[in-house]
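Quick mapping for you: the protein sequence lines, in order, are chains A and B.
Residue 344, in my numbering, is where the first sequence stops; the numbers in between run on with no holes.
Residue 344, in my numbering, is where the second sequence stops; the numbers in between run on with no holes.
Glycine included, C-beta positions come from ideal geometry on N, C-alpha and C.
Structure first, commentary second.
2 protein chains.
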Amino acid sequence: MSVSSLTGLSRLCLHTITTRPWNIEQAADHYASAGVKGITVWRDALEGRNVSQTGQMLRDHDLTIVSLCRGGFFASKDSVKRKETLDDNRRAIGEAYELGTNKMLLVCGADPRQSLEDSRKQIFEGIAAILPEAVAAGIRLAVEPLHPMYADTRSAINTLKQANDMDDALDSSNVGVAVDVYHVWWDPELESEIARCGRQGHLLAFHISDWKIPTTDLLNDRGLMGEGCIPLRKIRSWVESAGFNGFIEVEIFSNTYWHEDQSQFLEKIIRAFRDYA
Amino acid sequence: MSVSSLTGLSRLCLHTITTRPWNIEQAADHYASAGVKGITVWRDALEGRNVSQTGQMLRDHDLTIVSLCRGGFFASKDSVKRKETLDDNRRAIGEAYELGTNKMLLVCGADPRQSLEDSRKQIFEGIAAILPEAVAAGIRLAVEPLHPMYADTRSAINTLKQANDMDDALDSSNVGVAVDVYHVWWDPELESEIARCGRQGHLLAFHISDWKIPTTDLLNDRGLMGEGCIPLRKIRSWVESAGFNGFIEVEIFSNTYWHEDQSQFLEKIIRAFRDYA
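Shown next as structure tokens:
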């Protein structure tokens, strides 16, 4: 029996951005030593590195590479920018393939210079455009709805229903959705929409953190599990009832925690995962 | 022809909190001089005053008292607190009556110590409990959905669909909904839900401001109309197509603007109302 199953960590995955002060080599060492079994790699963590060697390094640490984070940002009023974004998404798919993961998160984008409807149309067209490359590389694209407070510049997809509708419209086994509790916990239709993507086998990722009271920064004030008001276990039970049995990914953006000693923060994450997730 | 119709201000209403540094007497003087025709009174502005005399003072300034802001906060895990809140809402209905308005806004409340479902049940029960007093006083209660970023402590009603569902369940001509663009602009179902409450004659209030990019504070960083990304004219057209022809209420909470000279801020509001609303 492995240490991680003894300690209940066999499904715990960390996003590299959660411990941003560490580079990916430090993250791999620390995660592995602590018994964490999964890692989701943010693209900035790969800068200046050989991607396939980095993937091997992570596997050598007995880490499963759960996802590459992230592609997307398809919406732009500027058509040249949209084309550049498609090229960048194709590069990201290549990186995911070289890294050795089969999943890529999509933060879909929004451009406040145009309507949300126009942004959504460009998101659909953007995903459709990169889908052949995703299929060829064996990468599944996870459409992640973002909290409505990010509808200005980050995503015009703000509910799981919208993500599921987008997934339906794209009609591909290489597309699915991601459920991040921080973005969707408030949604009265969350349970039914989780069941919906689960039925289709399109629930690809489950991200956790907590909503702090008060929240002092729209971007970088996420809480550790148990620190806020998100009904984490209830949402996890919905996700598991929907058939999801993959990694539970801790994705915390926090100016507060990034300023702490990251080893101590990692201990807190593991404790919070055991106690509240 | 009045000055206000000449200048297009006949439907402009200001919330007293928008110019918070002014007391209600100063607000009345300045609004009236500027040609503003409507005022929505926040309860804190009435502190230490005779309410009916204050209502008369506002009418003497040729101001229509559009609403009292606000009742609500029905959700609490603590039953004693819930009972106190009902009493306070009854007092608020009395104040609305004495003031001489026929409308009261409801910010429904949420308690992070319990589920959103429990909070919603208490909101329904709370409104039902105070409804007889509202009917007796001729006050219509406007359920205002709040942005999902306020689902922790301020409102478990976060979409216009939820507000409309609550309104349907309460089934009273003394209940309706309020549409505040700041809270609902991102919602893909906004147009259809505006049409829904309009059809029933239950669209009671329309509040405007703007969503700034970036938004630096979750509560007090609202923008002037035109400063952000809310499609104000499009939403106004939906609201008017739904049959609403009441006051257009400017409700801006802004640490930035509250620190400015309020006379200059009032000029900016009027310019922004003309140019963007």
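Residue range of the unbroken beta strand (DSSP E) whose run includes residue 291 of chain B: Looking at the DSSP string, residue 291 of chain B is not in any beta strand (DSSP E), and its letter there is neither H nor E.
Reduced DSSP category for residue 121 of chain B - H, G, I as helix; E, B as strand; rest coil: helix
Selection of the region 215 to 237 of chain B by Cβ proximity to chain A, strictly under 7 Å: 215, 216, 218, 219, 220, 225 and 229
Neighbour list for residue 305 of chain B in chain A, Cβ cutoff strictly below 7 Å: The premise fails here: residue 305 of chain B is roughly 13 Å from chain A at the closest Cβ pair, so nothing lies under 7 Å.
Endpoints, the alpha helix (DSSP H) within which residue 332 of chain B is located: 329 to 343
Contacts of residue 182 of chain B in chain A (Cβ-Cβ under 8 Å): 298 and 301
Test: residue 255 of chain A CB closer than 8 Å to a CB of chain B: yes
Heavy atom of the ligand MN within 7 Å of residue 344 of chain A beta-carbon: Absent from the structure shown: the ligand MN. Ligands present: none.
Interface partners of residue 282 of chain B on chain C, CB under 8 Å: Included in the structure are the protein chains A and B, with no chain C among them.
Proximity winner among A:176, A:174, A:240 and A:143, relative to residue 201 of chain A (alpha-carbon distances): A:240
Interface partners of residue 179 of chain A on chain B, CB under 8 Å: 280, 295 and 296
Simplified DSSP assignment, three categories, for residue 282 of chain B: coil
Closest Cα partner of residue 109 of chain B within the set B:94, B:118, B:126 and B:84: B:84
Whole-angstrom C-beta distance between residue 272 of chain A and residue 172 of chain A, which should lie under 8 Å: 7 Å
Cα-Cα separation between residue 151 of chain A and residue 180 of chain B, rounded to whole angstroms: 46 Å
Residue 214 of chain A versus residue 216 of chain B: straight-line alpha-carbon distance, rounded: 8 Å
CB contact flag (residue 156 of chain A, residue 205 of chain A, <8 Å): no
Local Cβ density within 10 Å of residue 160 of chain A, reported as buried at 16 or more and exposed below that: buried
Beta-carbon separation (whole angstroms), residue 276 of chain A vs residue 248 of chain A, contact threshold 8 Å: 7 Å
Reference residue 105 of chain B; option with closest CA among B:314, B:238, B:298 and B:324: B:314
Secondary structure of residue 313 of chain A, DSSP reduced to three states: coil
C-alpha gap between residue 182 of chain B and residue 339 of chain B, whole angstroms: 40 Å
Nearest-angstrom Cα separation, counted from residue 332 of chain B out to residue 118 of chain B: 27 Å
Integer Cβ distance of residue 292 of chain B from residue 299 of chain B, believed to fall under 8 Å: 6 Å
Rounded straight-line distance, which links the Cα of residue 257 of chain B to that of residue 235 of chain A: 22 Å
Proximal residues to residue 101 of chain B (C-beta, below 7 Å), its chain only, five neighbours per side dropped: 333 and 337
Terminal residues of the beta strand (DSSP E) in which residue 301 of chain A lies: Unbroken run through residue 301 of chain A is the alpha helix (DSSP H), 299 to 308; no beta strand (DSSP E).
Residues bridged to residue 243 of chain B [DSSP beta-bridge criterion]: B:209
3 or more residues per run - each beta strand (DSSP E) lying fully within the region 177 to 230 of chain B: 207 to 210
Where residue 97 of chain A falls: helix, strand or coil (DSSP): helix
Run of the beta strand (DSSP E) containing residue 105 of chain A, from where it starts to where it stops: 105 to 109
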